[in-house]
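Colleague: Take this structure first; my questions come after.
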Amino acid sequence: MIANYSFVAVALLIGISFAIILLKRNMIKMIMGLGILEGAVNLFLVSLGYRENGIAPIFTSAPADMTMVMPTVQALTLTNIVIGVATTALMLVFVMFIHKKYGTINANEIRRLRE
Amino acid sequence: MNAELFFTNLPALLIAMPLFGAFLTPIFGRFLPKIRDAWVILISFATSVVAQLLAAQVYINGYVMYVFGAAPGTSAIPIDSGGIPLRILFNIDAFGAFMLVSTAIVSFAVILHLTISQQKRSSLSEFYALYLLLVAGIFGMVSTGDMFNFFVFLEINSISASALIAYHRNGALAAEGALKYLIVNTVGGLMILFAIGLLYSQYNSLNMAIISQNISLTTLNLLTLVLFIAGLATKAGIVPFHLTTPDAYSVAPSGVTTLMIVASQAGLYGMFRILFSVYGGVFTSVIVGWIVIILGVLSMFIGVTMAIPQKDIKRLLSYHAISQTGYMLLGVGVALAVLGDVTLIDSFGNMAMKGGLFHIINHAMYKGLLFLTVGAVIYRTGVWDLNKMGGLGHKMKWTMIFFLIGALAIAGIPPFNGFASKLMIYESTFAFNPIIAIIAMVVSILTLASFMKVFHSVFMGPELLEYASVREVPRRMLASMAILAMFVIAFGFVPDLVVDMLITPVAESLFNQGQYIHSILGGGL
Amino acid sequence: MIGTLATGFGFWNPLMWIIVIVVAIFFSWLLWKLGETNYEGNIWQTAPYLSGNDEPEKEAIHIRAGNMYWGFTKALSVYYDHLIPLHSGIVSDYISWFLIGVVVLFMVVILV
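Top to bottom, those sequences are chains E, A and H.
Heads up: the first sequence begins at 981 in our numbering, then just goes up one per residue.
Heads up: the second sequence begins at 77 in our numbering, then just goes up one per residue.
Heads up: the third sequence begins at 1212 in our numbering, then just goes up one per residue.
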């Protein structure tokens, strides 16, 4: 039962992150919102792999009749964290350039490309 | 080298080759800067050859399944795994091979263009490395048989594309376009990952074949489907998820934009793969087909009407790219709406599917050609604003001819390739619903009108004083355009051959979901 | 070499179009042949008559892109006035369109 609480947390985090992305005008804060969204998805993936009383899938001297956790989702999460770091870094670089040239990081003013 | 070893490991080389080239390019740039360009062109050519060979292999054998890290002949599903493929595997069927063909052609033409157009810019080694990464991302997306792998390549695609957009920045405009593109695509990508998680939680596998074998049409799976469609539509630039597409395309260097056309089509590939190969067997109503059709019609119409008032030449072309994507969705959507009804598929569904798929490769060729010619014009003049251009046809005759070929092809004027695929879409759609076919034709007319404006205001008119020093572009740039123009003309002259050889196997593999499942679960290479 | 593409309801053969183009070029060549052979060009007779005014410089009379199709956008201004502001250039709007798209698609898929 306790495993299900993490899914509630996932839903909350997704809601919070979209609220931040939609309501905040500061580009840095929007990127933080994206970070939260990514964290929510990571949490979702990790909690999918949770098995009660499961152990790590290392067969060496593992006790018999033990529930082992399928490590796929951990691998997915790890990969997604790496991807997320790359994305966030790249976005922050872009914001830095924009701030240098436009003098603002307000989303409402970063709109020279429109129509 | 052992030839058989080479041919059995083509799918691994498909990814390894561009990555190897990408990480060696900065080393070449540092120690042997003179041959760096030659190296990049060579590695791009080699990658294209590998992709074409692999595609040929797929077209001959029906499919190629490659299990990474396993001895040849190993089954995709180890005996003791309980029916779950544990290893990462590539499953390339005719659709993947078809995308490989178009990506290989376009990416090679693009590198010929980029090595000239970016010549005077700084830090080129890393730029070329990013280019090769983007190519690897596209190849990976269209070959993988694993959901998560698909997501990883999608993100490689998004990250390297947005880095390329902003790499040689134009004030901060390029950074702005890239930032918007990356933010929206990251949200889309994370939603796709969420959907993948939802599927994994139900079927304990990331393999598309396993999922499609077990899938049922529950509410949760419908949510998954919608998330997939929305996320991939963001990548492909489909209304109403298209908003960043013109922003990103218009500020990127033209060669990069050309490659991004193919990159966005990889998103389209993912969408059709999900719709047909994963969900295809369980649709009971026409509603999903109609959703795809409506998205297609919206893209066509809004794309072209937004293109007409544009003043920035590349922004105008970007809106046309959105509009043309609508045709592909329309053709394939009609086929999806009649999926499961054998008589309707035989009477027009099959033709609609072939038309939509044929349009994918045609679009890659002629829109690539148009972006490259516009890139050539910008390379010589440095002007993006249509209102400031004029009379360039006197100085850039070849560029003008290539632009004309592309413009006529996109407007669906015979005998170029756009006409053949549009004709197939019109006729089959007319049998399905005449009103949609009429909208498609009106859009085509508006496209022609819009390109008349571009052609007139860029190339026609008297020679202008400010462009007195403009010359024809270097030969390598012309060669890049000539490659694509050749395909535009060739596909227009032998449409029957192309449809029989390239398109029909694709349509069959998409309609035949069982074959896709069998190709993974039925045994190893 | 050049084959017929069957489209289910009709067919298309690029050969026909090539023949039409060749015939059209042939006729235009015929018309061109009918012209005067001793024309010398660039004499006062070829100058445009603009009510006695001087002919403007060539650069001044180039019709630029902004002059084209303004009537079209003007006539459809009701449509364009609604459509163009949607492409606002603000990232949050783009994300909200993404969310709206997801919600609408989901509603349609669930309810219909």
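Think of the CB as a built atom: it goes at the ideal place given N, C-alpha and C, for glycine as much as any other residue.
#1: Tell me which same chain residues have a C-beta within less than 6 Å of the C-beta of L1333/H, skipping the five on either side of it?
#2: Could you pull out every residue in the same chain whose Cβ sits closer than 6 Å to the Cβ of G425/A, ignoring the five residues on either side in sequence?
#3: Would you decide whether Q589/A is buried or exposed? Buried here means 16 or more other CB atoms lie within 10 Å of its CB.
#4: State the start and end residues of the unbroken beta strand (DSSP E) segment that holds I168/A.
#5: Please list, in chain order, the residues of the region 1236-1248 of chain H that have any C-beta partner in chain E closer than 7 Å.
#6: Does T1040/E get closer than 9 Å to chain A when you measure Cβ to Cβ?
#7: Where I103/A and A114/A are concerned, what is the direct C-alpha to C-alpha distance, given to the nearest angstrom?
#8: Is G1221/H buried or exposed, if buried means 16 or more other CB atoms sit within 10 Å of its CB?
#9: Alpha carbon to alpha carbon, how far is M223/A from S288/A? Give it in angstroms, no decimals.
#10: Does DSSP put V414/A in a helix, a strand or coil?
#11: Rounded to whole angstroms, how far is the Cβ of N1060/E from the Cβ of L433/A, which I believe are closer than 8 Å?
#12: Looking at the secondary structure, which residues open and close the beta strand (DSSP E) in which V260/A lies?
#13: Which word fits A513/A, buried or exposed, when buried means at least 16 other C-beta atoms lie within 10 angstroms of its C-beta?
#14: Classify G995/E as buried or exposed, calling it buried when 16 or more other Cβ atoms lie within 10 Å of its own Cβ.
#15: Are the CB atoms of E231/A and T1067/E within a distance shorter than 9 Å?
#16: Where are the alpha helix (DSSP H) runs, 4 residues long or more, that stay fully inside the region 278-320 of chain A, in chain order?
#17: On the DSSP letters alone, give me the boundaries of the alpha helix (DSSP H) that V143/A sits inside.
#18: Buried or exposed: which applies to M1212/H, given that a residue is buried once 16 or more other Cβ atoms fall within 10 Å of its Cβ?
#19: Of all the options K1009/E, N1033/E and I1000/E, which has the alpha carbon lying nearest to the alpha carbon of M1046/E?
#20: Quick one, which of V570/A, Y243/A, G264/A and A483/A has its alpha-carbon nearest L522/A's?
#21: What are the residues of the region 223-234 of chain A that lie near chain E, defined by any Cβ-Cβ distance shorter than 9 Å?
#22: Which same chain residues, not among the five before or five after V177/A, have their C-beta less than 8 Å away from its C-beta?
#23: Whole angstroms is fine: what's the gap from S1027/E's alpha carbon to I565/A's?
#24: Verify the CB distance criterion: does L1294/H have a CB-CB separation below 9 Å to chain A?
#25: Give the residues of chain H in contact with S504/A, contact being defined as C-beta atoms less than 7 Å apart.
#26: Using Cβ-Cβ distances below 8 Å, what residues of the region 1021-1052 of chain E are close to chain A?
#27: Near Y1291/H, which residues of its chain fall below 8 Å by C-beta distance, leaving aside the five closest residues on each side in sequence?
#28: Report the neighbours of T101/A on chain E: residues whose CB is nearer than 7 Å to its CB, in chain order.
#29: How many angstroms separate the CA atom of V459/A from the CA atom of I389/A?
#30: Specify the secondary structure class of N984/E as computed by DSSP and reduced to three states.
#31: Closer than 9 Å, CB to CB, is G216/A near chain E or not?
#32: Could you work out which residues of chain H lie near L1056/E, taking near to mean beta carbons separated by less than 9 Å?
#33: Give the interface partners of P1259/H over in chain A, defined as CB-CB distance under 8 Å, in chain order.
Modeller: Answer, in terms of the structure:
#1: Missing from the structure shown is residue 1333/H; chain H here goes from 1212 to 1323 and no further.
#2: As a working note, residue 425/A is residue 349 in the second sequence. Once the five neighbours on either side are set aside, the close Cβ partners of G425/A are A411 and V414.
#3: As a working note, residue 589/A is residue 513 in the second sequence. When all chains shown are included, Q589/A counts as buried.
#4: If you number the second sequence from 1, residue 168/A lands on position 92. Segment L165 to D169, the beta strand (DSSP E) holding I168/A.
#5: none
#6: The residue given as residue 1040/E occupies position 60 in the first sequence. By this cut-off, T1040/E is not an interface position.
#7: What you label residue 103/A is simply residue 27 of the second sequence in a count that begins at 1. What you label residue 114/A is simply residue 38 of the second sequence in a count that begins at 1. Roughly 14 Å between the two C-alpha positions.
#8: Along the third sequence, read from residue 1 onward, the residue named residue 1221/H stands at position 10. It is exposed - the Cβ of G1221/H has fewer than 16 other Cβ atoms within 10 Å.
#9: Counting from 1 along the second sequence, the entry for residue 288/A is found at position 212. Counting from 1 along the second sequence, the entry for residue 223/A is found at position 147. Looking at the two C-alpha atoms, the distance is approximately 11 Å.
#10: Working through the second sequence from its first residue, we reach residue 414/A at position 338. DSSP places V414/A in coil when its eight states are reduced to three.
#11: Here residue 1060/E is taken as the residue at index 80 of the first sequence, counted from 1. Here residue 433/A is taken as the residue at index 357 of the second sequence, counted from 1. Not a contact, Cβ separation roughly 32 Å.
#12: Position 184 of the second sequence, counted from the start, is the residue given in the question as residue 260/A. Not the beta strand (DSSP E): V260/A falls in the alpha helix (DSSP H), residues L249 to Y279.
#13: The residue labelled residue 513/A in the question sits at position 437 within the second sequence. A513/A is buried by the Cβ-count criterion.
#14: Reading the first sequence from its first residue, position 15 is the one you call residue 995/E. It is exposed - the Cβ of G995/E has fewer than 16 other Cβ atoms within 10 Å.
#15: For the purposes of this step, residue 1067/E is taken as the residue at position 87 of the first sequence. For the purposes of this step, residue 231/A is taken as the residue at position 155 of the second sequence. Contact flag set, yes.
#16: 284-290 and 295-312
#17: Numbered from 1 along the second sequence, position 67 holds the residue referred to as residue 143/A. Taken as a continuous stretch (DSSP letters only), V143/A belongs to no alpha helix (DSSP H), being part of the beta strand (DSSP E) at Y139 to V143.
#18: On the third sequence, position 1 is the one that residue 1212/H refers to. Because the pLDDT at M1212/H is just 49, under 50, the model does not fix this residue reliably, and the value given afterwards should be weighed accordingly. With fewer than 16 other Cβ atoms within 10 Å, it is exposed.
#19: Taking the first sequence and counting its residues from 1, one reaches residue 1046/E at position 66. Among K1009/E, N1033/E and I1000/E, the Cα nearest to that of M1046/E belongs to N1033/E.
#20: As a working note, residue 522/A is residue 446 in the second sequence. Of the candidates V570/A, Y243/A, G264/A and A483/A, the one whose C-alpha sits nearest the C-alpha of L522/A is A483/A.
#21: F224, F227, V228, E231, I232 and S234
#22: The residue given as residue 177/A occupies position 101 in the second sequence. If we look at V177/A and ignore the five residues flanking it on each side, its Cβ neighbours are A127, Q128, A131, I437 and L578.
#23: The sequence position of residue 1027/E within the first sequence is 47, counting from 1. The sequence position of residue 565/A within the second sequence is 489, counting from 1. Going from the Cα of S1027/E to the Cα of I565/A covers about 54 Å.
#24: Here residue 1294/H refers to the residue found at position 83 when the third sequence is read from its first residue. Yes, L1294/H lies at the interface with chain A (some Cβ there is under 9 Å from its Cβ).
#25: Within the second sequence, numbered from 1, the residue matching residue 504/A stands at position 428. Simply G1219.
#26: V1021, F1024, L1025, L1028, M1050 and T1052
#27: Working through the third sequence from its first residue, we reach residue 1291/H at position 80. Cβ within range, chain order: T1284.
#28: The residue labelled residue 101/A in the question sits at position 25 within the second sequence. None at all; the shortest Cβ gap to chain E is about 19 Å.
#29: As a working note, residue 459/A is residue 383 in the second sequence. As a working note, residue 389/A is residue 313 in the second sequence. Roughly 9 Å between the two C-alpha positions.
#30: Here the question's residue 984/E lines up with position 4 in the first sequence. DSSP places N984/E in helix when its eight states are reduced to three.
#31: Indexing the second sequence from 1 puts residue 216/A at position 140. No, no contact with chain E.
#32: As a working note, residue 1056/E is residue 76 in the first sequence. Chain H residues near L1056/E: none, gap ~22 Å exceeds 9 Å.
#33: To locate residue 1259/H, count along the third sequence from 1; it is residue 48. In chain order: nothing, as chain A lies at least about 14 Å away.
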